[in-house]
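Protein chains in written order, with the working numbering: chain A, 48 to 217; chain B, 7 to 330.
Just so it is clear, CB atoms sit at the ideal spot from N, CA and C, and this is done for glycine as well.
Quantities reported herein were computed from a predicted structural model and do not represent experimental measurements.
I have placed the structure first, in the form of structure tokens, so that the comments after it can refer back to it.
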Amino acid sequence: MNYLEENSPEQNPKPADEVVEDRELKNLLGEWSPPEITSSLDQRVLTSYRRQVLHRPWWRRWLTGSISLPAPVALTAALLLCATSYLAARKATSYPLGPAPTPATVKIVEVPFPVVQEKIVTRFVYKKPDTPKAKGSPAPISAPPRIDLADFRPVSEIKIIVSHGGNDEK
Amino acid sequence: MRNRIYLLLVALLLCSIQLQAQTLERLAQSNGSPEQRVNGIVATFSSFAEGRATAEGVLRFNGANNDEQAIGSFLVNLSTGMYIGYILVIERLPDPTKLKITIKPMPEEAIEATRKTVFGKLLELKLPNRPSYDPAPPPSYPEPIVINLTDVIKIPLWVKAGTEWGVVGDRIRFAIDRPKPAREFTLNDVALKLTDYRLIINGEVRSGERELDGIEGPLPSFYVPGKGLFILSIRPHEGYDFQKVGMTEGNKISFSYGADKYELVSHDPVIPFGGKWHIWVLLITGYQPNPEVLEAYKLLSKGNCCEYFILSPEEIPYLPTSKK
Chain A
48 MNYLEENSPE QNPKPADEVV EDRELKNLLG EWSPPEITSS LDQRVLTSYR
98 RQVLHRPWWR RWLTGSISLP APVALTAALL LCATSYLAAR KATSYPLGPA
148 PTPATVKIVE VPFPVVQEKI VTRFVYKKPD TPKAKGSPAP ISAPPRIDLA
198 DFRPVSEIKI IVSHGGNDEK
Chain B
7 MRNRIYLLLV ALLLCSIQLQ AQTLERLAQS NGSPEQRVNG IVATFSSFAE
57 GRATAEGVLR FNGANNDEQA IGSFLVNLST GMYIGYILVI ERLPDPTKLK
107 ITIKPMPEEA IEATRKTVFG KLLELKLPNR PSYDPAPPPS YPEPIVINLT
157 DVIKIPLWVK AGTEWGVVGD RIRFAIDRPK PAREFTLNDV ALKLTDYRLI
207 INGEVRSGER ELDGIEGPLP SFYVPGKGLF ILSIRPHEGY DFQKVGMTEG
257 NKISFSYGAD KYELVSHDPV IPFGGKWHIW VLLITGYQPN PEVLEAYKLL
307 SKGNCCEYFI LSPEEIPYLP TSKK
């Protein structure tokens, strides 16, 4: 902070009586010694600055902020913007006018849906009861449902199913 | 000889219906005797169920006839009252590891006889208003087959078609019958046999309008309402208050108890080798009959008063009797 240089007589020429006063002021200033700058001054200044600048809303900083750009870059960018705008405007006006496009025709195709038909079971398939099961994954134990045999009928044909050594086999 | 198998089956049914307030459901739980012996072979029967089925609702009876190397099997569907039966013939072959198995239809006499048993009447009581309780014999039977002794055969008998498919039937295992060791003959081996019999109390027929089919065993018994259960024996039993109050001779057993005179008159001799023998009688007044069985006996012979069955000496401790 060089306050004396900012008010130097070379930059602002004064009348004679003012020059005398300046000399006295100069002498007075020469006798004055500035107070010691405390160490907390910088911290207070920084805090004050941050409070005023950094804590402004982002939109306000965005609206009032500025960036510096070199003149050649700014000029090139401006030229590019003009050129692309001109080309875009020219292409838009070159489309021929024609009838509105017709909507795509919908073709209905019949897909046969599979219909499940109930079948009467006429053959028995028996699984092997003694097939070893995978170890380490015990089957969940659940009580078998009690089923009424009201709908059961005698077989129409008696058959013998032979299990060799306990393995089912017809 | 052919008719012996159904007589045996009928006797088995009668014995099975007997004591301990047995109902059809309880009989289904016991599932009959699993082991049958013919021709030196032990055939062990069990029920199998596959798909959405359970064998719990099926009551199975088996009876063997060694003369014909055959075993009769009845399976009753307790939900419908229908039953199905077949004859399993087991023949030994020169190769001792092989068996010849034949399935035959149940003789018509057996079906007829079954209908006239307490068992058949219990079915009528349980499932009334059925057009017929006769089994529907399958029209087709397989050709005889030769199997290994270690093989297991399954015979599907009840089936439900459709999406909830299920099947219930007989599973049969075979083994060589171990020869039984000889033992001392005892009076327990003497069976008292009543065939086509009547009960007469104080000179009046109380067994109804028709003769009852038959019971055979060491302790023929009958329950008279208002009196109690009379157990008859050819000998006293230690620990129990059997009274020597009767005798048997020829085709009749007679005894007096209190002021009443009881007679059981059979079509055939009560003891096959004849003779005149004392009869010991135990009265159990605390016996509670099964009302269903009593009702079934009334259906069996109109006007019948009582319930009849065969006991074994091992069953006496389970009766509500006071020891001497």
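The Cβ of ILE93 (chain B) sits no closer than 8 Å to any Cβ of chain A.
The three-state secondary structure of VAL196 (chain B), taken from DSSP, is coil. Of all residues in the region 66-85 of chain B, those with a C-beta nearer than 7 Å to a C-beta of chain A are ASN83 and SER85, reading in chain order. Taking a C-beta distance under 8 Å as the contact criterion, ILE161 (chain B) and ILE109 (chain B) qualify as a contact pair. Cα atoms of ALA119 (chain B) and GLY69 (chain B): separation of roughly 14 Å, rounded to the nearest angstrom.
Not one beta carbon of chain A lies nearer than 8 Å to the beta carbon of VAL48 (chain B).
In terms of Cβ geometry, ILE285 (chain B) and LEU238 (chain B) form a close pair [threshold 8 Å]. Against chain A, the beta carbon of MET112 (chain B) has no neighbour under 7 Å; the closest one sits roughly 11 Å away. For ILE90 (chain B), the uninterrupted beta strand (DSSP E) segment begins and ends at 89-98. A residue is called buried when at least 16 other Cβ atoms come within 10 angstroms of its Cβ; ASN74 (chain A) does not meet this threshold and is exposed.
Judged by pairs of C-beta atoms under 8 Å, the region 297-307 of chain B touches the region 119-128 of chain B, as three or more such pairs exist. The beta-carbon of MET253 (chain B) is placed no less than 8 Å from the nearest beta-carbon of chain A. Under the 8 Å criterion on CB atoms, SER146 (chain B) is classed as interfacial with respect to chain A. Take the alpha-carbon of HIS211 (chain A) and the one of ALA55 (chain B): they are about 19 Å apart. Closer than 9 Å at the C-beta level to chain A, one finds these residues of the region 152-163 of chain B: ILE153, ASN154, THR156, ASP157, VAL158, ILE159, LYS160, ILE161, PRO162 and LEU163. With its beta carbon less than 8 Å from one in chain A, GLY172 (chain B) belongs to the interface. Linking THR156 (chain B) to GLN249 (chain B) through their CA atoms gives a straight-line distance of about 51 Å. Around the CB of PRO224 (chain B), 16 or more other CB atoms lie within 10 Å, so the residue is classed as buried. Look at ILE117 (chain B) here: in three-state DSSP terms it is helix. Pairwise C-beta distances place the region 189-199 of chain B in contact with the region 274-283 of chain B, as three or more of them are shorter than 8 Å.
The Cβ neighbour count for GLY91 (chain B), taken over all protein chains shown within 10 Å, is at least 16; the residue is labelled buried. Scanning its chain for C-beta atoms nearer than 6 Å, with the 5 sequence neighbours on each side dropped, one finds around ILE178 (chain B) the residues ALA49, PHE51 and ILE159, in chain order. A direct Cα-Cα distance of roughly 43 Å separates ARG66 (chain B) from ALA265 (chain B). Closer than 8 Å to the CB of GLY87 (chain B) there is not a single CB belonging to chain A. For ARG91 (chain A), the secondary structure class from DSSP, reduced to helix, strand or coil, is helix. At a cut-off of 8 Å between C-beta atoms, LYS166 (chain B) counts as an interface residue with respect to chain A. The beta carbons of ILE96 (chain B) and ASP183 (chain B) sit no closer together than 8 Å. Counted as a single uninterrupted DSSP element, the alpha helix (DSSP H) harbouring VAL299 (chain B) occupies residues 297-306. Between TRP164 (chain B) and LEU196 (chain A), the C-beta gap is smaller than 8 Å, which places the two residues in contact.
According to DSSP, residue pairing for VAL202 (chain A) in a beta bridge does not occur. Annotation: Cβ neighbours of VAL64 (chain B) in chain A (cutoff 8 Å, chain order): LEU196. Per the coordinates, the alpha-carbon of LYS206 (chain A) lies some 49 Å from the alpha-carbon of HIS243 (chain B). The C-beta of ILE285 (chain B) comes no closer than 8 Å to any C-beta of chain A.
CA-to-CA, the gap between ASP176 (chain B) and MET112 (chain B) works out to about 15 Å. Counted as a single uninterrupted DSSP element, the alpha helix (DSSP H) harbouring VAL124 (chain B) occupies residues 124-132.
SER307 (chain B) is a Cβ neighbour of ARG216 (chain B), given a cutoff of 8 Å.
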